[in-house]
Structures are given as C-alpha cells and as structure tokens.
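S.K.: A single structure is presented below for examination.
In the numbering used here, the protein residues as written are 33 to 331.
Shown next, in the form of structure tokens:
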C-alpha cells in the first residue's frame, strides 16, 4: 500500500505511480514468468574499486541509454533472486541494468566485513564512475537490505544520481545486532576482540571483529539521510511482514528524506518470497516515471 503524503515533505510531479491493487493481473503474471525466463544479453564486467580490489558484475544489456545499478544485501551476492528478478523486470521494459558483488562477497575480491557500510557505498561509487567513464552514466541505483543502506549513503555523499530505490534498508544500525551476535556481544567482543558467527547448518560462518562492529555502530543513517539533496527522488519499499528489519524503519526514512515516496507491500517478508512480481513492478514503475520526468525536464 502507499502511505499518505504526511510522511513526505516534497511530492513528485506527474506522472503518477499506479497502486499495486490497480495492476493488471496479466502484467503481474507476465513479470513472474519473465523472471523464470531471462531475456537480453548478459556480459561480465570487472570494475576496480579504490582499494584495487576487483568488483565482478553482470551487465544486462538492452541497448538502452538508461542504466540501473543493482546492489545486493548482507552476506549475499548478485545472484540473489531479488537482484536477478529486478534485472529481468527492467529488461522487459527495455532498461539495462548492472548487478554486482560488493568487495568480500560473491566473485569480487576482498574480505567480508560485518560493517563496511560506507565502504560499500564507495564500491558503488567505483561502479558509477566506471560506467560514467564509458559514457554510460547510471540513471538510478537500487539496493535491497544492506544494499538499501548503501544506495542511501551513496546519495547522501555523492549527489550525482537523482533516482534511488531503497528496498528494506535498515534505519537504526544499532538494532538487529543482538539477534546475530547474542545479548552479551559487546562484552564478548571487548574481551576476545571478535565473535565467530555460525549458522545452524555450519556453512556461511563469518567473523565479526571489534573494528567491523564499531563501523556499523558508528554509521548514522539518520544524519546521512538528512544530507540527501531534495532534487534526489527516493522511494522506500518495505514488506509489512518483514521478519529481519521491522517495517517501522521504513516509516523513519519517510520522515526525514526530503523527496520521498513510501510503498508498503502487504504481507511481504524480508526476501519478498511470495511478492517478487509486485516488488519488480513497483521498482520498474518508479524508475520509468523518474526517467520520463528527467527527459521532460531536459527537453
């Protein structure tokens, strides 16, 4: 559902966005089927970041002048189905996209770190600079979960992209740590210098250092979001049944980001398991409307 404008200080001009319940069922079904059958050409591209680490990504080429950068979430990769499905949804509308692995994740070089929020925003900047250097300046950036934080931090720092999509980003980075590290995480990490996190299956283990923990705790999304230009259009999309990051975080972003829209997807969890088509439709509609506004302004 779309929240009322009481949560936004500046609203967008036309064209308007359609609400999910007004969407054609055939269109939603088409998007769901398209996600299973990708179209267009994919090309692997390697981008060096400022630490001389190789960031690996896939360009979904449609031949369009417009390009959208897709950013994955915590301990995830460009191969996450949300990233793939969004790339396909954009392809179906003739829009090219690039999904890549942050340093320390997937195929990219580097060491995974629990924090690294601003460093991931810098990785994104390296990607934007690369494409701008080949005369393909990105039109929009999209991030899911921790990737949502990355695109917001990017917008607060670099001010060169006017369309930002935050999907289920976390507003208060001091929250959510206890669930992963335990109630006494601060005492343990002060004593040992690290905490090893293990999941039930035994794979996907990782180490949280004191430095990486403090990096997260010192990243202030509230202050950062206040630095986003009012000309930058931001949409926050969040599921009302998100079991990882509470939907209240989305409401906080809506209060402080100057040029903001908020869409809540009823019943969606953090991974949008049963709401992929609706998520893709919202993201694509927002980006298409923003591109139309930019073209109308430039004419």
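Where a beta carbon is used, it is the ideal one built from N, C-alpha and C, also for glycine.
Here the structure is a predicted model, which is why all the values come from computation and not from measurement.
When we look at the beta-carbon of residue 89 and count the other beta-carbons within 10 Å, is it buried (16 or more) or exposed?
M.R.: Buried, since its Cβ has 16 or more Cβ neighbours within 10 Å.
S.K.: With a cut-off of 8 angstroms on the beta carbons, I'd call residue 272 and residue 279 a contact; round off their distance for me.
M.R.: About 5 angstroms separates the two Cβ atoms, so the contact holds.
S.K.: Taking C-alpha atoms, which residue in 294, 192 and 244 lies nearest to residue 263?
M.R.: When only C-alpha atoms are compared, the closest one is 192.
S.K.: Round the Cβ separation of residue 319 and residue 189 to the nearest angstrom and send it over; I've been treating them as touching at under 8 angstroms.
M.R.: Going by Cβ atoms, the distance from residue 319 to residue 189 rounds to 21 angstroms, so no, they are not a contact pair.
S.K.: Take the Cβ of residue 113 as the centre, count every other Cβ of all protein chains shown within 10 Å, and call the residue buried at 16 or more, exposed below.
M.R.: With fewer than 16 Cβ atoms within 10 Å of its Cβ, residue 113 is classed as exposed.
S.K.: Using the Cα positions of residue 57 and residue 306, report the straight-line distance between them to the nearest angstrom.
M.R.: Annotation note: pLDDT 43 at residue 57 (below 50); position unreliable, coordinate value reported separately. Whole-angstrom Cα-Cα distance: 15 angstroms.
S.K.: Following the continuous alpha helix (DSSP H) through residue 132, name the residue where it begins and the one where it ends.
M.R.: Per DSSP, residue 132 belongs to no alpha helix (DSSP H); it is in the beta strand (DSSP E), 128-132.
S.K.: Which same chain residues, not among the five before or five after residue 86, have their C-beta less than 8 angstroms away from its C-beta?
M.R.: Only 78, 79, 80, 140 and 141 meet the Cβ criterion.
S.K.: Please state if the CB of residue 138 and the CB of residue 244 are separated by a distance shorter than 7 angstroms.
M.R.: Contact flag unset, no.
S.K.: Looking at the unbroken beta strand (DSSP E) that takes in residue 208, where does it start and where does it end?
M.R.: Element bounds for residue 208: n/a, residue is neither H nor E.
S.K.: Rounded to whole angstroms, how far is the Cβ of residue 270 from the Cβ of residue 249, which I believe are closer than 8 angstroms?
M.R.: The Cβ separation is near 23 angstroms, so there is no contact.
S.K.: Going along the chain, which residues of its own chain have a beta-carbon closer than 6 angstroms to the beta-carbon of residue 165, five neighbours each way excluded?
M.R.: No residues qualify anywhere along the chain.
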